[in-house]
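A short worksheet on the structure shown next.
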Amino acid sequence: MELFLQSIVNSLIQGGFFALWAVGLVLIFGVMGVVNFAHGELVMVGAYTVWLLHAQNDVPFLIAIPVAIIIAMMIGLVMERFLFRPNRTDPLAGLICSIGVLFILQVIAHEVGGTGPAKQVAPPFNQIVEIGESLRIPMQRLFSLGVAIASLGVLWFFLTKTKLGWALRAVALDREASALQGININRISMIAIGVGAAMAGLAGALMAPLQNITPHMGHNVIITAFIVTIVGGVGSLSGAVAAAFIYAAFHTFVTAYFNGTVATICGLLIMVVVLIIKPTGIMGVKVSE
Amino acid sequence: MSIKNLIICIVILAGLVALPHFLAYNFQDLLIFLAVNVLVVVSYRLVTLTGEWSLIHVVMMGVGAYASAMLSKMAGFPFWISMPIAGLTAAGIAALLCFPLFRMTQFYFLIGSFAAGEAIRLVWIYFIDPFGGSSGINNLPPPELGDIDFYEPIPYFYMTLIIVTISLFILYRIEKSRVGLTLNAVHWKAPLAESVGVDTWKYRSLALIVGSFFVGIAGALKVHYLGVVTPHQFGIGVMVFVLIWVIVGGYASFVGPIIGVVVLTVFDQGLRASGIVDPAVQPAVYGAVLIASILFMPEGLEGIGKRFFSKSSGENA
Amino acid sequence: MGITRRNLLRGTAAGIAVAGTGFSTQLLAGQKTVKIGLNIPMTGDYAPWGLPGLYGCNIVANNINAAGGVEIGGETYMIEPVGYDHGYDTEKAITGYNTLRHDDAAMIMMLGGSTVGSIIGRAQRNKMLVSTLLPSDITPDTSNLVAPSESHPLYNCTGVDWLADNFPDAKSAVIVTTNDIEYGQQSAAVYQAAFEARGIEVLDTNFHGFDVTDFAPIVQGLLASKPDIFCMATDVYTTPLIEALYNQGYEGKIISCTLDLYDEVIAKTSKEFVEGIIFQFPDFDDPALQSDDILFPDPSGFWDTFQKDYPGQWSAVAWEYPANLVTWVSAAQAAGSIEPMDVLAAMKANPNPPHVFGTGKWWGKDLYGLDNCVVGRWPVVTMQNGRARIVEFRDVGAWLDKNLDILKRKMQDLGLRTV
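Chains as they are written, first to last, in my numbering: chain A, 1 to 289; chain B, 290 to 606; chain C, 607 to 1025.
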């Protein structure tokens, strides 16, 4: 019973991260039609920034987080302006360029961090919250879950209640029609990737005290983000969030009760099955091409 | 093939036969890997002729590698038999995957092929028996033929050269044949092809299966020289290199990817030898080359080559 | 040796980490040098089990050279460690082997595992001497492969034995480790055998992959059966695992093979929490190491120099590669030659080969197929007040004599090769 409760808590926390990862990817793909293969590296950049500032240079954690967000966002904007925009008509080219960025970012992380083992960031909040007899949750994890949910809430508000948010969704639905309505596609693309990259950077910053920080930590992020995005629906943000928590629960429970590698294999197979049966995902709407 | 091209090929082959004798010992290995990689990119191009970019190609190489490794080490098959079976195994798995994969197109096919490949790789990692898990399988027996010592790079290179040349020849003939022309039609004008009764699904599958056959053979060639097969030899990182070679070289013609892999491999070795760039930084150089290639050289090196030599078109459909 | 074909078209050896990180040698004109190659991971997940070894060799070699070098067969040589970073990639390991061999390395030292598997066939044919830290690499066909300083994971039995003697109430255990053969599985087999030999029940063994980011589910799953002992069988991820244990408020015994970078573990948990963790690797300024039966040159001096020149980089292997180097030197002197096969013969001719923690014996025929591994005493270490301190030395050979059958059975159950 205790394991079951713990696993539920873990699922929620992981789900928060998965959602942050996936939402960024969906925004970029939905609005700009391009797959950002370097998305995992944007998360990694967030984590390294926190390591560099907070663990190595004693910058307070709560200041390091916004810095991480800004740096990830700036990288995203640069990618949009110089790599994705010239290749608007050929999404494959954009994808290939993002792979180039992936390599460059990994090498930068390697140079910044130096050789040697994974970096560790000691958790700034190291109390442990105890609920009832058997449930113990580290404060750091609760903090990251809280911030993740808050950010998703802010994003939801932005997309549904603001004019800019509506413009984003319009472009995602039909780019040509939106352009005809006078929406500035370039500006919207910048905003989409800015927000997407910011979410990735935030996720990385929150993850930093919780796991090993290595130059290739992005690999796991991109695989999970793909699975979640596909299963949830490529054009749908709410689908991505729902799928994030469902997949997190699946993966956590299978890992706790059985084995982690098997969990990932199953996740990938589920994704392939979804692609075969309903490529637009559980809640997806067909994005016009 | 015109007489001029035939002569060029023969000259190149002769040069390759002589080349290892001029190289330092630890560079002779690289010729073997280069020859294998040429087969990998040319077989990949066949797959891309259908217009779909698959990310499973390198995993298919691994399927062939594991098949040959397991047959030769555990079942005692000689290399000369395990290698073709490796190709057939990769082709077989590809055939099975055609059913699910080709229901997707474009972006979805890309992700789907990536997922299927990664799932296969994780199976190798998870099932220690019989795949050896993360550590893979080692002590693979080399080919045996009379007194030839296939542990030495030069004999192994000649054998690889022969097999790769034959494979390239077959692939070239396929491309020039009716099948190849139909594949091109499927790529550029699928609806039109369908309207004259071409079963696009069948042709896409054919490309994937044949491409996988040859890359499976490449996998066997590679691991029997190394003596060890591990899942990490066939990860997404390696697949990305294949993409880089094909894109930078250009994929409009048969030789484009070959140019790409040769030029980039030489460039890579030159970079290492010069010591200008720390080996840890080299992936970033590749990344930059890739980006520059997409932005400034969309036709790849072969495009530049074409303009430079101002060849008349019509030689390559 | 003159100009040979290999000098043509050979650029600066690709990938060789310049042996200039802290290494200096006063080379007199005409001074002979003998190179010892290290084909090891210096980047990537396994970097902590490679790079610190090169640093340690630099220190020991500097000391030897400063004292005038070594006399072998009537000639005086300076020692030059030369490293190659293969990043735990089997192809690069082959290139590293070729490069070092053609750079005239007299011996090639390696970490072990699949990277050794990929080069040992060549080493046999080239008559090159190779050392490993993993005796499980040894097979009847690898006569040129020796494991002179480390007998991983056999020595893990000592920690379990000591735990059982000192905490007789601990009756159940869980084991966690990585799912690879050379470290995780081999180590798990030894721990399982050691627990069984002392009547401790192993409730669960969890093999996880290298891509785990969140260890909480794994640890929680294992703790659900309420074990008395939590065992990490050579898991590279000791830091996040112990952190997860801390988050769970675990109060039982913790035993591990390694506990690298324990300062980071303390930063993530607390000094109190890590107090009493049992493992197998001492800090070299330990008082118990400063005695005459320890056959390592000046352990505390070595520790001090290492902490000064390479702060924060100490790991379990920092002294193991230099120990192999020192073994090579004494065998070469006995052989009067630097030729690999002569040195190997001299090593094997000595029935009581030197071992860091006292003389040992050649062992391995009954398990791996060849007596090419040196086993001897091994320290049991616990965390005491934030430092690693030896509590006792135990005899690995004696344990093996008594419990080999159990070990073989456990290994076979896991599908590991035994004779």
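Cβ atoms here follow ideal geometry from the backbone N, Cα and C, with glycine treated the same way.
Do you know offhand how far residue 1023 of chain C's Cα is from residue 958 of chain C's? 27 Å
Is residue 407 of chain B close to chain A, meaning its C-beta is less than 9 Å from at least one C-beta of that chain? yes
Could you tell me whether any Cβ in chain A is nearer than 9 Å to the Cβ of residue 845 of chain C? yes
For residue 441 of chain B, name the three-state secondary structure that DSSP assigns. In this structure, residue 441 of chain B counts as coil in the three-state DSSP scheme.
According to DSSP, which residues form a beta bridge with residue 643 of chain C? Paired residue(s): C:688, C:714.
Per-residue contacts from residue 257 of chain A into chain C (C-beta, under 7 Å): 827
Pick out whichever of C:884, C:779, C:864, C:846 has its Cα sitting closest to the Cα of residue 756 of chain C. C:864
Cβ of residue 573 of chain B within 9 Å of any chain A Cβ: yes
9 Å is my cut-off, CB to CB: does residue 349 of chain B come that close to chain A? no
Straight-line Cα distance separating residue 483 of chain B from residue 178 of chain A: 33 Å
Under a three-way DSSP split, which group does residue 814 of chain C fall into? strand
What does residue 785 of chain C reach in chain B if we use C-beta pairs closer than 8 Å? When 8 Å is used as the limit between beta carbons, residue 785 of chain C is near these residues of chain B: 414, 415, 417, 422, 423, in chain order.
For residue 499 of chain B, which option in B:352, B:460, B:433, B:584 has the closest C-alpha, if you only look at C-alpha atoms? Closest by alpha carbon: B:460.
Going along the region 521 to 550 of chain B in order, which residues come within less than 7 Å of chain A, judged by CB to CB distance? 529, 532, 536
Please confirm if the region 143 to 161 of chain A is in contact with the region 902 to 912 of chain C, defined as three or more CB-CB distances below 8 Å between the two stretches. no
Measuring CA to CA, which of C:992, C:1012, C:743 is closest to residue 884 of chain C? C:992
Please work out which residues of its chain come closer than 6 Å, Cβ to Cβ, to residue 560 of chain B, disregarding the five sequence neighbours upstream and downstream, and give them in chain order. 566
Using the rule of at least 16 other Cβ atoms within 10 Å of the residue's Cβ for burial, across every protein chain shown, is residue 464 of chain B buried or exposed? buried
Below 9 Å between beta carbons is the criterion; list the residues of the region 349 to 365 of chain B that meet it against any residue of chain A, in chain order. none
For chain B, is any of its Cβ atoms less than 9 Å away from the one on residue 269 of chain A? When Cβ-Cβ separations below 9 Å define contact, residue 269 of chain A makes contact with chain B.
In whole angstroms, what separates the C-alpha of residue 210 of chain A from that of residue 669 of chain C? Whole-angstrom Cα-Cα distance: 42 Å.
Partner residues on chain C for residue 132 of chain A, Cβ-Cβ distance less than 9 Å: Going along chain C, no residue has its Cβ under 9 Å from residue 132 of chain A, so there is no contact; the nearest lies around 13 Å.
Which of the three DSSP states is assigned to residue 32 of chain A in this structure? Under the three-state reduction of DSSP output, residue 32 of chain A falls in the helix class.
Residue 640 of chain C versus chain A: which residues are under 8 Å apart at the beta carbon? Neighbours of residue 640 of chain C on chain A: none; closest Cβ ~27 Å, over 8 Å.
Chain-ordered chain C contacts of residue 2 of chain A [CB-CB under 9 Å]: 826, 829, 830
Distance check for residue 240 of chain A and residue 85 of chain A, CA to CA, integer angstroms please. 25 Å
Any idea what DSSP makes of residue 683 of chain C, helix, strand or coil? Here residue 683 of chain C sits in strand by DSSP.
Smallest Cα separation from residue 363 of chain B: which of B:466, B:546, B:489, B:420? B:420
For residue 859 of chain C, which three-state DSSP category applies? strand
Can you pull the chain B neighbours of residue 86 of chain A, defined as C-beta to C-beta under 8 Å? 584
For the region 83 to 102 of chain A against the region 570 to 578 of chain B, are there 3 or more C-beta pairs whose distance is under 8 Å? yes
Output needed for residue 674 of chain C: all residues of its chain with C-beta closer than 8 Å, excluding positions within five of it in sequence on either side, in chain order. 682
Give a yes or no on contact between the region 13 to 24 of chain A and the region 166 to 184 of chain A, applying the rule of three or more CB pairs nearer than 8 Å. no
Measure the C-alpha to C-alpha separation of residue 934 of chain C and residue 390 of chain B and round it to an integer number of angstroms. About 57 Å.
Which whole-angstrom value is the C-beta distance of residue 335 of chain B and residue 403 of chain B, which I expect to be below 8 Å? With 8 Å as the limit, residue 335 of chain B and residue 403 of chain B do not qualify as a contact, their Cβ atoms being about 19 Å apart.
How close, in whole Å, do the beta carbons of residue 815 of chain C and residue 260 of chain A come, if the pair is a contact with beta carbons under 8 Å? 6 Å
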